[in-house]
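Accompanying notes for the structure given below.
Residue numbers (this note's numbering): 2 to 191.
Pasting the structure below:
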């Protein structure tokens with residue numbers, strides 16, 4: 002009987018430890034943004050209004066973290082309706098044919114302090130390529146409303162849109178090939 006009680010206690014404790022590291026995406030405190038060079042003189046910025054992310058980690062240092070993200074291409078927003086419609090068209094993202102942008106991690110490694118490297122695969126326009134992001138863990142804080150801890154991260158990286166068959170040549174379109182990506186995101190612990 003004692004062994005059974007010890008086994009049940011260990012299971013409950015183990016489940017509690019795992020549950021403490023199950024994170025929930027806080028869409029009200031998150032943004033997925035991009036920036037493209039325009040005619041070599043300025044940056045045009047935008048974001049995806051509808052996106053989601055998952056973050057699973059059972060270790061305090063996040064070294065076993067698994068991260069996934071997806072964004073609805075039709076939610077692209079540059080604050081200019083004509084440009085947004087053009088970006089959704091077959092000339093660029095072809096949102097009807099390729100409605101989702103996705104990312105799935107394969108490693109999350111601490112570099113030093115609060116700096117990490119996030120590696121994985123990103124799929125855009127039906128093409129999947131490896132990508133690496135710099136991540137800063139901004140810290141955690143107790144949310145006074147929910148009484149739960151929130152964890153904040155800033156994620157940044159770059160990709161070449163030509164690798165995904167998006168848009169034409171930079172000289173013809175006026176849009177640079179290199180796209181900067183940035184996300185500020187919060188996850189709440191369950």
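For each residue, glycine too, the CB sits at the ideal point set by N, CA and C.
*Could you check what DSSP says for residue 131 in three-state terms: helix, strand or coil?*
Of the three classes helix, strand and coil, the one that applies to residue 131 here is strand, per DSSP.
*Which first and last residues belong to the alpha helix (DSSP H) in which residue 82 is found?*
Unbroken alpha helix (DSSP H) run through residue 82: 82 to 89.
*Check residue 76 in the structure and name its three-state DSSP category.*
Here residue 76 sits in helix by DSSP.
*With a CB to CB cut of under 7 Å and the five nearest residues on each side skipped, what residues in its chain are close to residue 65?*
Take residue 65, set aside five residues on each side of it, and the residues of its chain with a beta-carbon closer than 7 Å to its own are 58, 59, in chain order.
*Cα-Cα separation, residue 115 to residue 139*: Looking at the two C-alpha atoms, the distance is approximately 7 Å.
*Are there 16 or more other CB atoms within 10 angstroms of the CB of residue 172, so buried, or fewer, so exposed?*
Counting Cβ neighbours within 10 Å, residue 172 comes out exposed, since fewer than 16 surround it.
_residue 94 beta carbon less than 8 Å from that of residue 81_ = Not a contact, by the Cβ cut-off of 8 Å.
*residue 190 to residue 28, Cα distance in whole Å?*
CA-to-CA, the gap between residue 190 and residue 28 works out to about 14 Å.
*asked:* Am I right that residue 106 and residue 69 are in contact with their C-beta atoms under 8 Å? What's the rounded C-beta distance?
replied: The Cβ separation is near 7 Å, so the contact holds.
*Inspect the beta-carbon positions of residue 119 and residue 71 and report whether they are closer than 8 Å.*
In this structure, residue 119 lies away from residue 71, with their beta-carbon atoms at least 8 Å apart.
*With a cut-off of 8 Å, do at least 3 Cβ pairs link the segment 124 to 143 to the segment 158 to 172?*
In this structure the segment 124 to 143 touches the segment 158 to 172; the number of beta carbon pairs closer than 8 Å is three or more.
*For residue 92 and residue 168, believed in contact at Cβ under 8 Å, the rounded distance*: Confirmed, about 7 Å.
_Given this structure, state the Cα-to-Cα distance separating residue 100 from residue 150, to the nearest angstrom._
One C-alpha to the other measures close to 33 Å.
*Which runs of the beta strand (DSSP E) spanning at least 3 residues fall entirely within the segment 102 to 157, listed in chain order?*
Counting whole runs of 3 or more residues, the segment 102 to 157 contains the beta strand (DSSP E) stretches 116 to 125, 128 to 143.
*Buried or exposed by the 16-neighbour rule on C-beta atoms within 10 Å, applied to residue 90*: Exposed, by the Cβ-count rule.
*Between which two residues does the beta strand (DSSP E) containing residue 54 stretch?*
52 to 57 is the span of the beta strand (DSSP E), which, as asked, contains residue 54.
*When you compare only the Cα positions, how much space is there between residue 134 and residue 31?*
Rounded to the nearest whole angstrom, the CA to CA distance from residue 134 to residue 31 is 17 Å.
*Just grab the DSSP bridge partners of residue 179 for me.*
Paired residues: 161.
_For residue 85 and residue 55, the rounded distance between their alpha carbons_ = The straight-line gap from Cα to Cα measures roughly 27 Å.
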